[in-house]
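Residue numbers (the UniProt record's numbering): 1 to 410. From the three backbone atoms N, C-alpha and C, an ideal C-beta is built for every residue, glycine too. Here's the structure we're looking at; comments come further down.
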């Protein structure tokens, strides 16, 4: 008897695979300083090791998008499983800089490969409800970051080392590898609908797709840069900067879980416009307030960014289906690539900003006090510069709402 496609099991196995991806981000963030101490690594070396995950991700997601129709989603996900397992085991038995570099790169490639296969898989098995199910799938990213940071926090408290923390990822990795090996997969929606490979690549040059790629730069930077840097930028402003990240990530989990009524009420383009307006308001409050108002800003900002990533991919899946798996994965790759460049640029700009606020000819004792004040002033300035990006997105998505309304009338 021929095996049937069980879309519910495929979906939950996809969520498990994404959970491993996000756990790797959360646990690495929690153990980074300990790795630096254990292996005597400086800030620059730790920065390079962390960046390999960001470089490995877009590399894998774009290449994976190009080969997924050729080798199939099942084989691609089993490749991700092998890379995840190798990366996790290599990290546990790391002996220094190069073993950490290689293991983090492998995990980054595995993370990108998971997205390369799972985004088109979810869009294919839920072709009647793409944006909602992509939001449900992507809630496991912020959810996993929360779980990962809690694992790092509590395991450290009870004295369990970073090796055990990393090793916890082996359990969901083995589970998703087992489930995917047993399940039957459909062909991608693009292949099923008979769209040729040539037609798919031609569709990537449509003005609407190019517009969405450019907007993806902005939505990804607004969400991921701020999330990665919130502790640095606001540490001097509030004693609970890390709680701001917990709050925004928690809001994202709830928001993505409730995506269905929101997406059906406002349409994907309407959700993107509302998201950009809330992101502007949230970032403005984070950059211009102090005390408890910062937490209000974090709450609004979390509501703003929570729908960005999955709804951008969902919009392309619904309105530009001929772009296929390559289109979906170019969106994800473009977003992560933009974040990695913005992180490097803003890291240098932040250092220069702090230095420019330190007066010349002061003693070391005075310099330590002035440095705290300089960082306190520089953090909100970086937030205010980043605020320009969602303001541009408000204009862009207003245009998109008008364009899509006119397109439906035509």
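- DSSP places residue 40 outside both helix and strand once states are collapsed to three, so it counts as coil.
- Per the C-alpha coordinates, the member of 207, 120, 213, 250 positioned closest to residue 191 is 120.
- Here the C-alpha atom of residue 287 lies approximately 36 Å from the C-alpha atom of residue 113.
- Rounded to whole angstroms, residue 137 and residue 11 show a C-alpha spacing of 8 Å.
- A residue is called buried once 16 or more other Cβ atoms fall within 10 Å of its Cβ, and residue 252 is buried on that count.
- The distance from the Cβ of residue 390 to that of residue 283 is about 6 Å, consistent with a contact at the 8 Å cut-off.
- Look at residue 97 here: in three-state DSSP terms it is helix.
- In this structure, DSSP gives residue 169 a state outside helix and strand, which the three-state scheme calls coil.
- Here DSSP, grouped into helix, strand and coil, assigns residue 6 to coil.
- A residue is called buried when at least 16 other Cβ atoms come within 10 angstroms of its Cβ; residue 41 meets this threshold and is buried.
- The DSSP-derived three-state label of residue 291 is coil.
- With respect to residue 214, residue 331 sits apart: the two C-beta atoms are not nearer than 8 Å.
- In the structure shown, residue 296 falls within a helical segment according to DSSP collapsed to helix, strand and coil.
- If you draw a straight line from the Cα of residue 246 to the Cα of residue 255, it is about 14 Å long.
- Beyond the five residues adjoining it in sequence on each side, residue 304 comes within less than 6 Å, by CB distance, of 275, 278, 279, 282 in the same chain, given in chain order.
- By the Cβ rule, the region 80 to 91 does not count as touching the region 353 to 360, because fewer than three pairs are nearer than 8 Å.
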